[in-house]
């Protein structure tokens, strides 16, 4: 059992404990902010509150891979812990049985003494292993906010086979077969791939019939002849002074961000440059690029030149933090 316990990797625990400590400090400050809310202006309150939320998001993203690693090692530890408990119970029963057989006169005092020492040594060894395994378990729990969080199963998103994956909203109504809209149906055998409008009604929609969240676009690099893509435009969420979230749609091949009125998305804030950054549509998705701003652009707390965006990424420009949602 000792070898199995030594094989448990606890390298993620120390970093998770550091992240958890930072999160606990921020949570305490958020609670304290509520008590002091009436003493400051709403603008200052919202600015600080949004900053703390951005820090929490960044820390949680740092912790994500470490938590998955820790949960995997904790699952292995639970198996070893069960094996130790079963072995200890078995040895304790053997010890009890040995005492009974000796009382029945089956062993001489000398044989009984030898066998007793052997059994007690095994029991003591398993008790030591159990104490070590339980101490390891406490280390894993200490890196999480609760044992329930440590025990959480990974959350998986909807698959292509789920009922929700093939439903989209078009013109305010829910329709089936959204995946067919984006890819188009296969051409009938022997026919030209150019279809009659009535045969492929979903693909033949006029541009004005497509809601503002979707559109047919051409990617910057060439795509196969006749291929179009129907995209749902992502959004940037910015918390307003009133505490609500203001949505800005990222539309088109290039979307500029900054405090200047000529930008596609104008956002005013401390240290936000007139042309601060731009979001580009590529074959791999959306990419954000810093436009050599004086303070730079941070994604998930890391200063970047370019970054391939993913759902939930936190974008900081000056004192403002926006959340990218696909």
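In our numbering, the protein residues as written are 2 to 327.
Note that CB positions come from ideal geometry on N, CA and C, so glycine has one too.
query	result
Coarse secondary structure for residue 125, derived from DSSP in three states	helix
Cβ-based neighbour list, residue 117, same chain, cut-off 7 Å, excluding 5 preceding and 5 following	99
CA-to-CA distance, residue 246 to residue 236, given in whole angstroms	11 Å
Proximity winner among 89, 32, 279 and 20, relative to residue 67 (alpha-carbon distances)	20
Rounded straight-line distance, which links the Cα of residue 315 to that of residue 309	12 Å
Alpha carbon of residue 104 to alpha carbon of residue 142, nearest angstrom	45 Å
Integer Cβ distance of residue 24 from residue 60, believed to fall under 8 Å	5 Å
Proximity below 8 Å, CB of residue 266 to CB of residue 256	yes
Chain B contact for residue 43 (CB, 8 Å cutoff)	The structure shown contains no chain B; it is built from a single protein chain.
Coarse secondary structure for residue 314, derived from DSSP in three states	coil
Beta bridge counterpart(s) of residue 289 as assigned by DSSP	280 and 308
Distance between residue 147 and residue 82 (C-alpha atoms, nearest Å)	19 Å
Secondary structure of residue 105, DSSP reduced to three states	coil
Euclidean distance between Cα positions of residue 14 and residue 106	53 Å
Buried versus exposed, by CB contacts within 10 Å (16 or more), residue 10	exposed
Three-state secondary structure (DSSP) of residue 269	coil
Three-state secondary structure (DSSP) of residue 169	Bear in mind that a pLDDT of 43 at residue 169, under 50, signals an unreliable position, so the number given afterwards is only what the model happens to contain. Reduced to three states, the DSSP call for residue 169 is strand.
Classification of residue 80 by the beta-carbon crowding that lies within 10 angstroms, buried from 16 upward	exposed
Local conformation of residue 1 per DSSP, three classes	A query on residue 1 cannot be resolved here, the shown segment of the chain reaching from 2 to 327 and no further.
Cβ pair residue 62, residue 301 closer than 8 Å	yes
Per-residue DSSP class, three states only, for residue 158	Note on residue 158: pLDDT 42, under 50, position unreliable in the model; no value is reported.
With 16 other Cβ atoms within 10 Å as the buried cut-off, status of residue 318	buried
Alpha-carbon to alpha-carbon, residue 268 and residue 275	9 Å
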